[in-house]
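Novice: Dumping the structure here so I can ask a few things about it.
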Amino acid sequence: MPMSLPSPDALRAAALRLPRLPSAPASSGPVAVAVSGGADSVYLLCALWADETLRPRLRVLHFDHRVRGEASAEAARFVAALCVSLAVPCVVGVREGQGMASEAELRASREDFFAQQRASLGCDLVCTAHHLDDVVENALMRLARGAGLAGLAAPRVLQSFRDGHRRWRPLIQAGIDKRALLAGLRSAGIPWREDATNLLPIAARNRVRAWLAAGGVEAMGEGYAQGFARSARLLGEAQVALAQWAHELGCVVGPDGAMPVAALQGRPSALAQECLRAFLHAHEVKDPTESSLAPLAAAIAAGREARAAVRGRLVRVAAGMLAIPGEPMAYGAAERRLTCGMPDDECGLLAELVDVDAPLWASLSKGDISPGREAYVVAPSEPLTWRGRVDGDRYQPLGAPGSAKLSDLLINRKIPAESREALPVVLAGSAILWVPGLPPAESARLSGPTKGALRLTWLGPCLG
């Protein structure tokens, strides 16, 4: 859609023609609305503005990720102009870096901005433009990763966070999907900005979205998005019930980061799984699979000790307590197979075949994507495996004049000593391909835009 906006009077009249959204949850202070400039968030803002009681409390937050160059700046100007027309205060934040970055890095930058603005505005309620299609995409992606009840119930209509703020998603509550949303904007004559990156098959969510658009209705029927939303709500209610039961039993994470679990002995496995996932989430370990939790859950149910690696973190059950000990992780020299498309829950590695297009290649060439979490390389013909560090490990990092000891490279990169043993070493055949925190191997260098490149992502703990 073009950037030009109708006159303020015409825009306001158009907003009033949109269907009314459910009433906002009780809250004090301003209500923040996250607006990117895309169709979803423009619809959300205009529909919220149409509520005369809510209108004076609205505050728009726009975060410029600086991923799309001038297009990102144009989106920021569009949002600012939209807010002027609606007489809604707007704050624009800007990411320090620029160019492509991982979804995790972009999300972290955006959330830091939101947290700063919540504190500055005295705001405890943030509205986001998730709709029914987001519920479907989330459920499919989380199911493929073996997520638990909390993961499958997201994104929830109303979600509370540990810092006291809440996220409200009224488009889900109103049962609005993307098709209805776009139809509403077009009918009312309200413009929006298109984000071309939403069409690129780089992010897994974009690929799922394209797959559903190509045949979702034909395969599952017209109302499948509403069905996913009902299931997500029911799963969320079940998760809340289990969490309440765990709390009544005293199975909550304490100030020391540990959780008492002795009261779970002999209880249903689902309760132990919920406690494990809540414990890991408190330690920023998300979406562990059931296979990685099984030995810990079995130990909790039997009242015995156990230890296991989950996404690069050592987790221990001992003396009726669930904890992450301070001792460093050590994987040893045994090689494990790394399967493309499936996260390795022991170490947190994810290998995927992706297309590196021209914009992504430009960002890689400029060094915009940190090797701390991601590496893009030529897909090897040899099997992919991983193991822990062993004496004598050495390889030639991208751009280096020659090979060097892995231990020296980690020291030179100032990787903390306690983190070095917890880093998996990715191998193609017998050659080192990548170690998180370091550049990938020179031998696997991409020479330009590439179809079917290998993207390696590390989901383990921060290297800071």
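Numbering-wise, the working numbering comes out as the position in the sequence shown, counting from 1, plus 39.
The beta-carbon is built from N, C-alpha and C at its ideal position, and this holds for glycine as well.
Values in this document were obtained by computation on a predicted structure and should not be read as measured data.
So, is His286 buried or exposed, given that buried needs 16 or more other C-beta atoms within 10 angstroms?
Specialist: Within the sequence shown, residue 286 is the residue found at index 247, counting from 1. It counts as exposed.
Novice: Do Val175 and Ala258 have their CB atoms nearer than 7 angstroms?
Specialist: Within the sequence shown, residue 175 is the residue found at index 136, counting from 1. Within the sequence shown, residue 258 is the residue found at index 219, counting from 1. For Val175 and Ala258, no; Cβs fall outside 7 angstroms.
Novice: Counting only the same chain and skipping the five closest in sequence on each side, list residues whose C-beta sits under 7 angstroms from that of Arg206.
Specialist: For the purposes of this step, residue 206 is identified with residue 167 of the sequence shown, where counting begins at 1. So the list reads Val165, Thr167, Gln198, once near-sequence residues are dropped.
Novice: Name the DSSP bridge partner or partners of Lys444?
Specialist: On the sequence shown, position 405 is the one that residue 444 refers to. DSSP, once it has assigned bridges, lists Arg433 as partnering Lys444.
Novice: Please report the straight-line C-alpha distance between Ala414 and Leu423, rounded to a whole angstrom.
Specialist: Counted from its first residue, the sequence shown places residue 414 at position 375. Counted from its first residue, the sequence shown places residue 423 at position 384. Separation of Ala414 and Leu423 (C-alpha to C-alpha, rounded to the nearest whole angstrom) is 14 angstroms.
Novice: Can you grab the Cα-Cα spacing for the pair Pro47 / Ser124, in whole Å?
Specialist: What you label residue 47 is simply residue 8 of the sequence shown in a count that begins at 1. What you label residue 124 is simply residue 85 of the sequence shown in a count that begins at 1. Approximately 5 angstroms, taken between the alpha carbons.
Novice: For the structure I just gave you, are there three or more beta carbon pairs, one from the region 451-464 and one from the region 482-494, closer than 8 angstroms?
Specialist: no
Novice: Could you check whether Gly387 and Gly499 sit closer than 7 angstroms to each other, using their CB atoms as the reference points?
Specialist: Counting from one through the sequence shown, the residue named residue 499 turns up at place 460. Counting from one through the sequence shown, the residue named residue 387 turns up at place 348. Their beta carbons are under 7 angstroms apart, which means Gly499 touches Gly387 by this criterion.
Novice: Met180 and Val247 look like a contact to me (Cβ under 8 angstroms); what is the Cβ gap, rounded to whole Å?
Specialist: Along the sequence shown, read from residue 1 onward, the residue named residue 180 stands at position 141. Along the sequence shown, read from residue 1 onward, the residue named residue 247 stands at position 208. About 6 angstroms separates the two Cβ atoms, so the contact holds.
Novice: If we call anything under 7 angstroms between Cβ atoms a contact, is Pro436 one with Leu389?
Specialist: Along the sequence shown, one-based indexing puts residue 436 at 397. Along the sequence shown, one-based indexing puts residue 389 at 350. The Cβ atoms of Pro436 and Leu389 do not sit closer than 7 angstroms to each other.
Novice: In this structure, does DSSP put Glu113 in helix, strand or coil?
Specialist: Translated into the one-based positions of the sequence shown, residue 113 becomes position 74. It is helical.
Novice: If you draw a straight line from the alpha carbon of Leu97 to that of Ser75, how long is it in whole angstroms?
Specialist: Numbered from its first residue, the sequence shown carries residue 97 at position 58. Numbered from its first residue, the sequence shown carries residue 75 at position 36. If I take the Cα positions, the gap works out to 15 angstroms.
Novice: Just to confirm, are Leu145 and His104 a CB contact at a threshold of 7 angstroms?
Specialist: Along the sequence shown, one-based indexing puts residue 145 at 106. Along the sequence shown, one-based indexing puts residue 104 at 65. Yes; because the gap between Cβ atoms is below 7 angstroms, this pair is in contact.
Novice: Would you mind stating whether Val133 and Gln156 have Cβ atoms separated by less than 7 angstroms?
Specialist: The residue labelled residue 133 in the question sits at position 94 within the sequence shown. The residue labelled residue 156 in the question sits at position 117 within the sequence shown. No, they are not a contact pair.
Novice: Give me the Cα-Cα distance between Ala49 and Gly68, rounded to the nearest whole angstrom.
Specialist: Reading the sequence shown from its first residue, position 10 is the one you call residue 49. Reading the sequence shown from its first residue, position 29 is the one you call residue 68. Each residue's Cα considered, the two are about 29 angstroms apart.
Novice: How about Ala372 and Ala340: are their beta carbons less than 7 angstroms apart?
Specialist: Taking the sequence shown and counting its residues from 1, one reaches residue 372 at position 333. Taking the sequence shown and counting its residues from 1, one reaches residue 340 at position 301. No.
Novice: Pull up the CB-CB distance for Glu313 and Gly187, whole angstroms please, since I reckon it's below 8 angstroms.
Specialist: As a position in the sequence shown, residue 313 is number 274, starting the count at 1. As a position in the sequence shown, residue 187 is number 148, starting the count at 1. At roughly 7 angstroms, the Cβ-Cβ gap stays under 8 angstroms, so Glu313 and Gly187 are in contact.
Novice: So, Pro194 versus Asp163, is the Cβ gap smaller than 7 angstroms?
Specialist: Position 155 of the sequence shown, counting from 1, holds the residue named residue 194. Position 124 of the sequence shown, counting from 1, holds the residue named residue 163. Result no, Cβ atoms of Pro194 and Asp163 do not sit closer than 7 angstroms.
Novice: Helix, strand or coil for Ala168? Go by DSSP, reduced to three states.
Specialist: Position 129 of the sequence shown, counting from 1, holds the residue named residue 168. Judged by DSSP in its simplified three-state form, Ala168 adopts coil rather than helix or strand.
Novice: Is it true that the CB of Arg355 sits closer than 7 angstroms to the CB of Ala362?
Specialist: In the sequence shown, counting from the first residue as 1, residue 362 sits at position 323. In the sequence shown, counting from the first residue as 1, residue 355 sits at position 316. Yes, the Cβ-Cβ distance between Ala362 and Arg355 is below 7 angstroms.
Novice: Nearest to Leu171 by CA position, among Gly203, Ser148, Pro209, is which residue?
Specialist: Stepping through the sequence shown from its first residue, residue 171 is reached at position 132. Out of Gly203, Ser148, Pro209, Pro209 has the C-alpha closest to the C-alpha of Leu171.
Novice: Where does Leu83 land, buried or exposed, given buried means 16+ other C-beta within 10 angstroms?
Specialist: Locating residue 83 in the sequence shown gives position 44, where the first residue counts as 1. Buried: at least 16 other Cβ atoms inside 10 Å.
Novice: What does Phe102 pair with, by DSSP beta-bridge criteria?
Specialist: The sequence position of residue 102 within the sequence shown is 63, counting from 1. Partner(s): Gly132.
Novice: Beta strand (DSSP E) containing Gln198: first to last residue?
Specialist: Residue mapping note: residue 198 aligns to position 159 of the sequence shown, counting from 1. From DSSP, the beta strand (DSSP E) with Gln198 extends over 197-199.
Novice: How big is the Cα-Cα spacing for Gln137 and Asn177?
Specialist: As a first step, residue 137 is located in the sequence shown; it is residue number 98 there, counting from the start. As a first step, residue 177 is located in the sequence shown; it is residue number 138 there, counting from the start. If I take the Cα positions, the gap works out to 27 angstroms.
Novice: Out of curiosity, what's the CA-to-CA distance linking Ala504 and Ala338?
Specialist: Nothing about residue 504 can be reported from this structure: the residues present for the chain run from 40 to 503 only.
Novice: Rank Val99, Val118, Val81 by C-alpha distance to the C-alpha of Leu160 and give the top, closest one.
Specialist: In the sequence shown, residue 160 corresponds to position 121, counting from 1. Of the candidates Val99, Val118, Val81, the one whose C-alpha sits nearest the C-alpha of Leu160 is Val99.
Novice: Since Ser331 and Ala347 should fall inside the 8 angstroms C-beta cutoff, what is the C-beta to C-beta distance between them, to a whole number of angstroms?
Specialist: Sequence index remark: in the sequence shown, residue 331 carries index 292 (1-based). Sequence index remark: in the sequence shown, residue 347 carries index 308 (1-based). That belief holds up - the Cβ atoms of Ser331 and Ala347 are roughly 7 angstroms apart, short of 8 angstroms.
Novice: Nearest by alpha-carbon distance to Asp90: which of Val127, Ala219, Val106, Ala119 is it?
Specialist: Taking the first residue of the sequence shown as position 1, residue 90 is located at position 51. Out of Val127, Ala219, Val106, Ala119, Val127 has the C-alpha closest to the C-alpha of Asp90.
Novice: Would you list, in sequence order, the uninterrupted alpha helix (DSSP H) runs of no fewer than 4 residues that lie entirely inside the region 145-193?
Specialist: Look at the region 145-193 and you find these whole runs of alpha helix (DSSP H), each 4 residues long or longer: 171-183, 188-192.
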